[in-house]
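Shown next, in structure tokens, is the structure this report addresses.
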Amino acid sequence: MNLRGKSVTLLDHAIRHSLLRRVERLGGGAPRPEARRRLLQEAAVRANSHRWPALFLDIYPARGAVGFAGVEIAFGWRELALVHAFRPAGVFGPFSSQMR
Amino acid sequence: MSTADTATILRLQAGNLEALGELYDRYRLIVYHTALAITRDPDVADDILQEAFLRLHTYAASVKSELPLAPWLYRVTINLSYTWFSRRRWLAPLDEFLEKLTGPARHHPEPAAEQRDAHEAMQRAIDALPFNQRVVVVLHYLNDLSLQEIAEILKCPVGTVKSRLYYARETLRQKLEGSAFSPEVAYEFTR
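From first to last, the protein sequence lines stand for chains A and L.
Per our numbering, the very first residue in the first sequence carries number 1; after that it's consecutive.
Per our numbering, the very first residue in the second sequence carries number 101; after that it's consecutive.
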């Protein structure tokens, strides 16, 4: 039997086995379950990136909420940002009035 | 390629995000495993997976629906892994220094006994290969791709792939010969 030929075959098996073993050991062999949802969210944001309100949706996370003590109203950052932007005075209205 | 892929790519090109999800379900494992085998870091592999499919979404219009999608995804995965590898090469000394400060590997501490395992020796030897050779080894052995398919993915002649694979195997054989990887240990892989 050709020893060199045999060693090459064994080497092939060993390389393949080692790579498979690594993939199974690291990361459990599969990406994180939430990766799909993250991907589709990010793709949706990028798909809408040409529309300017998307900028606000991207910058201001919806989960950060502002509550008012004693009042049962809580605005999300996203809603506040949109309301702020749609004010007749515009985005810089409040700042310019404070400067005077 | 199945006609299902063609139809799904056409839907993706029309802006259907569900089509992206379907292609992700179909090809996520080959992208993730390839990235993981090259980078050895599950977090990086996750990022590469996401970026590869975001690129598919961004450049959907330029993807030819009548051609197989897998080579396109492999190519993007290799390119992203190379970008990571290039940055990593510069950051490696800093990481090694931080690792010395913080102790053993943070992500995947392994028992000392396993370090002596033949698999570990093989994996270290694969890790030490130049990037171009490592990519060919991963595509050939992990993804079962032929030399012709690898050449198409890497956009290089088949002879180049053959030569990279040859040198990679020679390096691995020399490194493992007479040490941890004796023929007796190797025999278990043939079962």
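Note that CB positions come from ideal geometry on N, CA and C, so glycine has one too.
This one's a predicted model, so the numbers in the text were calculated from it and none came from an experiment.
Pairwise C-alpha distance: H17/A and M307/L: Since the first and last residues shown for chain L are 101 and 291, residue 307/L lies out of range.
Contact check, T108/L vs T177/L, beta carbons under 9 Å: no
D105/L at chain A interface by Cβ criterion, 9 Å: no
Separation of Y266/L from R128/L, as counted between CA atoms: Cα to Cα, the separation comes out at about 29 Å.
Member of Y241/L, T106/L, A161/L, T158/L whose CA lies at the smallest distance from the CA of R89/L: Chain L is shown from 101 up to 291; residue 89/L falls before or after that span and cannot be answered.
Chain A within 9 Å of T158/L, Cβ atoms only: Chain A contact via Cβ: present.
Contact belief for L239/L with I250/L at Cβ below 8 Å, rounded distance in angstroms: Between I250/L and L239/L the Cβ distance is about 5 Å, and since that is below 8 Å, they are a contact.
Neighbouring residues, chain L, relative to V23/A (Cβ below 8 Å): Counting only Cβ-Cβ distances below 8 Å, V23/A has contacts in chain L at H133, L136, A137, L242, in chain order.
Reduced DSSP secondary structure (H/G/I, E/B, other) of E220/L: helix
Cβ-Cβ separation, L40/A to G121/L (assumed contact under 8 Å), whole Å: 6 Å
Cα-Cα separation between L11/A and R234/L, rounded to whole angstroms: 15 Å
Beta-carbon neighbours of F185/L, restricted to chain A and to distances below 7 Å: By Cβ distance, chain A contributes nothing, its closest Cβ being about 16 Å from F185/L, past 7 Å.
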